[in-house]
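Quick mapping for you: the protein sequence lines, in order, are chains A and B.
Residue 624 is where the first sequence starts when you use my numbering, and the numbers rise one by one after that.
Residue 7 is where the second sequence starts when you use my numbering, and the numbers rise one by one after that.
Virtual Cβ for every residue (Gly too), placed ideally from N, Cα, C.
Just so it is clear, the structure is predicted and the values come from calculations on it, not from any experiment.
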Amino acid sequence: SQQGEEDPQALSIQEGENATMNCSYKTSINNLQWYRQNSGRGLVHLILIRSNEREKHSGRLRVTLDTSKKSSSLLITASRAADTASYFCATDAPNKLSFGAGTTVTVRA
Amino acid sequence: EAQVTQNPRYLITVTGKKLTVTCSQNMNHEYMSWYRQDPGLGLRQIYYSMNVEVTDKGDVPEGYKVSRKEKRNFPLILESPSPNQTSLYFCASSLLAPGNEQFFGPGTRLTVL
């Protein structure tokens, strides 16, 4: 069963703008991860945030985690055409990782 | 180069013809898993393996088998494929528990006619 759900399903922005997507999950977690997938290719790990962390940065990426609301957000600042991809959150459950359905981001030139 | 490889990358087959999709990793990872990806459903886990000879069902195991005889290899077996198994399949591995960063293979696009 899917643990995480991303919102929105799709997002279209202009190059240079920021993109924000959200992930909600149902049960307690140890950590939450975000992945990127370019058009049918394998997923690439972006960032991992632990349950005792509230915010984490990696380059142009900023992730927040609110365990009381069971939600996380991924912010991509100053977007580029190369950021066009699908983004997935993944939450850990005993012995497995559960992915949401993803947010498809299109960055227009 | 650290990587997860899958073969074949593309496969068209017919209902009932047994097939195997291979997965191999060169990072000495203990945890390996198989996912299928379908439009609107995201990734769903089929099977996972915590270590050699230790495998368990994921969320959608029906119609699939796996084995883990060596640490580096984790083949996915479809004994009698059916059209509803047409999907994009990914193998992934991580050092220890699944909560670690997962390394994904390039995917296998399977069509069952």
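Residue i, DSSP secondary structure in three states
| i | result |
| --- | --- |
| Ala8(B) | coil |
| Ala98(B) | strand |
| Ala705(A) | helix |
| Asn106(B) | coil |
| Gln91(B) | helix |
| Ile652(A) | coil |
| Ser624(A) | Residue placement at Ser624(A) is flagged as unreliable, the pLDDT there being 48, under the threshold of 50; the coordinate-derived value follows with that caveat. Ser624(A) falls in the coil class under three-state DSSP. |
| Thr726(A) | strand |
| Gly48(B) | strand |
| Asp65(B) | coil |
| Lys71(B) | strand |
| Ser86(B) | coil |
| Gln31(B) | strand |
Contact check, residue i vs residue j, beta carbons under 8 angstroms
| i | j | result |
| --- | --- | --- |
| Leu82(B) | Gly113(B) | no |
| Gln660(A) | Phe711(A) | yes |
| Tyr41(B) | Phe96(B) | yes |
| Ile699(A) | Leu684(A) | yes |
Buried versus exposed call for residue i [16 or more other C-beta atoms within 10 Å across all chains shown]
| i | result |
| --- | --- |
| Lys719(A) | buried |
| Gly22(B) | exposed |
| Gln656(A) | buried |
| Gln91(B) | buried |
| Asn675(A) | exposed |
| Asn106(B) | buried |
Nonlocal neighbours in the same chain, by C-beta distance under 6 angstroms from residue i, ignoring five residues either side
| i | result |
| --- | --- |
| Ser30(B) | Thr11, Arg78 and Asn79 |
| Ala98(B) | Ser39, Gln108 and Phe110 |
| Thr26(B) | Pro81 and Ile83 |
| Asn13(B) | Thr28 |
| Leu49(B) | Tyr41 and Gln43 |
| Ser709(A) | Gln660, Gly725 and Thr727 |
Cβ separation of residue i and residue j, assumed to be a contact under 8 angstroms, to the nearest whole Å
| i | j | result |
| --- | --- | --- |
| Ser647(A) | Thr729(A) | The pair is not a contact, with the Cβ atoms about 22 angstroms apart (cut-off 8 angstroms). |
| Met644(A) | Ser696(A) | 7 angstroms |
| Thr726(A) | Ile652(A) | Contact doesn't hold; Cβ gap of about 19 angstroms is too wide. |
| Gln43(B) | Gly64(B) | About 13 angstroms separates the two Cβ atoms, so there is no contact after all. |
Same chain, Cβ closer than 8 angstroms to residue i, neighbours up to 5 away in sequence not counted
| i | result |
| --- | --- |
| Ser55(B) | Tyr37, Met38, Ser39, Thr61, Asp62, Val72, Arg74 and Phe80 |
| Glu628(A) | Cys646, Ser647, Tyr648, Gly723 and Ala724 |
Chain-order list of residues whose beta-carbon lies under 7 angstroms from that of residue i (same chain, five-residue window excluded)
| i | result |
| --- | --- |
| Ala704(A) | Glu638, Val730 and Ala732 |
| His35(B) | Ser99, Ser100 and Leu101 |
| Ser624(A) | A caution first: Ser624(A) carries a pLDDT of 48, below 50, which makes its placement in the model unreliable, though a value can still be read off. So the list is empty, once near-sequence residues are dropped. |
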